[in-house]
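Have a look at the structure below, then the notes.
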Amino acid sequence: MDGIFFLMLRRLRAPIVMLIAIYGIAVLGLVLIPGVDDQGRPYHIDFFHAFYFISYTATSIGFGEIPYPFTYQQRLWVLCCIYLAVTGWAYAIGSIFGLMRDETLRKAIAQARFRRKVRQLAEPFYLICGYGQTARLLCKVLDDLDIRFVIIEQREERVNEIALADFRFDTPCYAGDAANPEILKIAGIEHPQCIGILAITGNEEANLAIAIGAYVLRPKLLSICRSRNQSVADNMASFGANKVINLFQTVGRKFSRRLQQPQVTRVCDILADFPGNPIVEEPSPPVGHWVIVGYGRFGAAVHGSLLRAGCTVTVIDPEPQAQLVPAEFIQALGVEAASLKAAGIERAVGLLVSHDHDANNLSALATAREINQQLFTVARQNLTHNHLLFEAFKPNITSIRAQIIAHECLRAMENPLLAEAMALIQQQSEDWAAEFLPQLHQLCAGQVPEIWRVRFNAQNTSAVHAMLAQPTPPLQIGHYTHDALNHGDTLRCVALLHRHAGVDQLLPASSTRLQFGDEVLFIGDHHARLAHTAVQENIGLLDYIRTGEEQPQGWLFRRWAQWQQERQREQEQERVPAAAATHTPPNENA
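Rendered as structure tokens:
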């Protein structure tokens, strides 16, 4: 705020000096010009009364002449002062209005307001750099999950869109270059509640600069960066980026898994999707002859996956591709029937359209379907707002760049255990995945489940109480299926992963005993997540899911319950001797 104040003073220096000069000259002249009192004697008005008179007269209020009626000389001077003051105030007010339109001042005020909002955040939040298509999808999901975030976007028109995004929280946002470390500091990268930073702008160099800035300012902070070039991705990783997302490598790996492990890939896709989205069945790509239209990095990634799966591939691209065999390459745009037929579209089992422009992809898709209606089609959608056009063509698989990156970001943000769970799932068999898929569908009634982690450490008061203060009965994973908020109900959740002493177990048994230091990754609906959060914060609720009995709350009620238990034990001990005394031993002689 001090910077804004001094900036305003610098901009208003001339009008302020002018007003001071006008008032000073007016007061001095009024003091020097002699007047006449009620006795006809000459007098001079003092400085205080002169300043008082000029102040209310120059502002057009007017309380009359003091202390006596003025002479003609005094009135002539006051008349000149009035016009001087009006001119000075007109100049000052015009300068103030001009200052309100000053771009530098507006930015300074916006920065101060942004800094204040970030400083007042009391909940964990993510710092998102860039508000493109990927960030829009990601912010919507984070808002639905009640996760706070701060946005930095260089383009001011995009920042204005955030106010219309209808987020449930007042989202701090600022139009600035996130590659500048000073902007990162203002955005709260050093804030104790900042739990991660996402560099997902469309500029690779800016993302690299953000990764470097995050490493210098907060080396241990979770950082997720987007990259298109492998050398830039390696550079980001060298500066401590926890997750570097390479779009084209991600697409290639995902397509390869779909060809080789369709069921396992389906499980991973569901877990990586946005919570609450309907689970949509996607068919597996067939093995055979494929035609790829558009051989950029996207097409090249899928091309390698198809070759590794034993498919034959013909590529169509307007640019020459020296790395491809001439018999497997046709130089054309690929939207006309002649080039598609030359590539063998009539005998092909699949078609991938991956141009950088959606119009070319849709045109190639329409032409190919007229020739071969049995094609398995995979379409690359570059712009999110073209979804209506792609839905009308109904390709078997639509690969949306923004969604792929957003899914990868969400997977890395939710918790580190999810990446470990994904790695273990990819090692499972197709039969295992086929048995687990129906359980995923039933868990949230055909919707993508939420994913959360429960940690049993010193920061969790309930865990300390359950495992140290009250070791019996032991706490088990199955206890977390009991609904502590609605007594007697069962939560819709499944323990996906259990980590104990650094060892991970996938889908642990409900009888697995939980120990201090363990971590459990759950999947389920939103109510189950809220119930687990409440349990971790309330000792009484945790005791209820463990014992099935409601425990007294508060010191007084606990003492009363303890006294009753002690009294009951004393009464039982008194009944035992009495029963022994009334017992008659058998007669040995008899």
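The sequence shown begins at 455 in my numbering and counts up one residue at a time. Every residue, glycine too, gets a C-beta built ideally from N, C-alpha and C. Note that this is a predicted model, so its numbers are computed, not measured.
Counting C-beta pairs closer than 8 Å gives three or more between the region 932-942 and the region 984-1002, which meets the contact rule. Taking the Cα positions, Phe459 is about 16 Å away from Ala468. The way I'd put it, the region 658-677 does touch the region 623-639; three or more beta-carbon pairs between them come closer than 8 Å. In this structure Lys848 is exposed. Its beta-carbon is surrounded by fewer than 16 other beta-carbon atoms within 10 angstroms.
As computed with DSSP, Asn700 is found in a beta bridge with Ser681. Shown here, Asp812 sits in a helix according to DSSP, grouped into three states.
Counting only residues of its own chain and dropping the five nearest sequence neighbours on each side, Val485 has a CB closer than 8 Å to the CB of His498, Ile499, Asp500, Phe501 and Ala504.
Per DSSP, the continuous alpha helix (DSSP H) segment holding Ala887 begins and ends at Glu884 to Leu897. Between Leu806 and Val789, the C-beta gap is not smaller than 8 Å, which leaves the two residues out of contact. Between Asp492 and Tyr522, the CB-CB gap stays under 8 Å. By the criterion of at least three beta-carbon pairs nearer than 8 Å, the region 609-623 is not in contact with the region 645-658. With contacts defined by Cβ atoms closer than 8 Å, Gly706 and Ala755 form a contacting pair.
Going by DSSP, Asp997 is part of the alpha helix (DSSP H) stretching over Ile993 to Thr1001. The three-state reading of DSSP puts Ser853 in strand, counting E and B together.
One Cα belongs to Phe830, the other to Asn731, and the distance between them is close to 24 Å.
Shortest Cα-Cα distance from Asp943 to any of Asn700, His952 and His933 involves His933. Asp771 sits in a strand when the DSSP states are folded into three classes. By the neighbour-count criterion, in which 16 or more other beta carbons inside 10 Å mark a residue as buried, Tyr526 falls on the exposed side. When rounded, the separation of the alpha-carbon atoms in Thr838 and Phe752 is 17 Å. Out of Gly489, Asn683 and Thr541, the CA that lies nearest to the CA of Ser514 is found in Thr541.
Ala653 sits in a strand when the DSSP states are folded into three classes.
Between Ile664 and Cys583 a beta carbon distance of about 5 Å is seen, short of the 8 Å cut, so the two are scored as contacting.
Residue environment for Met554: exposed (fewer than 16 other C-beta atoms within 10 angstroms of its C-beta). In this structure, Gly978 sits near Val948, with a CB-CB distance shorter than 8 Å.
The C-beta distance from Pro729 to Val902 rounds to 5 Å, short enough to meet the 8 Å contact threshold.
Annotation note: the region 752-803 contains the following uninterrupted beta strand (DSSP E) runs of length 3 or greater, listed N- to C-terminal: 766-771 and 783-785. Boundaries of the beta strand (DSSP E) harbouring Arg602: Arg602 to Glu607, taken from the DSSP string.
Glu862 is classed as buried because its beta carbon has at least 16 other beta carbons within 10 Å across all chains shown. Distances from the CA of Ala781 to each of Thr766, Glu773 and Ala792 were compared; the closest alpha carbon is that of Thr766. Straight through space, the alpha carbons of Ile547 and Tyr477 are spaced by roughly 16 Å. Residues of the same chain with a CB within less than 8 Å of the CB of Trp744, apart from the 5 flanking positions on each side, are Leu760, Cys765, Thr766, Val767, Thr768, Ala802, Val803, Gly804, Leu805 and Leu806 in chain order.
Annotation: Gly971 to Gln896 spans about 31 Å, alpha carbon to alpha carbon.
The three-state reading of DSSP puts Gln969 in coil, since its state is none of H, G, I, E or B. By the Cβ rule, the region 875-889 counts as touching the region 716-727, because three or more pairs are nearer than 8 Å. By the neighbour-count definition (other C-beta atoms within 10 Å, threshold 16), Arg855 is a buried residue. Under the DSSP assignment, Val747 falls in the beta strand (DSSP E) whose first and last residues are His743 to Val747.
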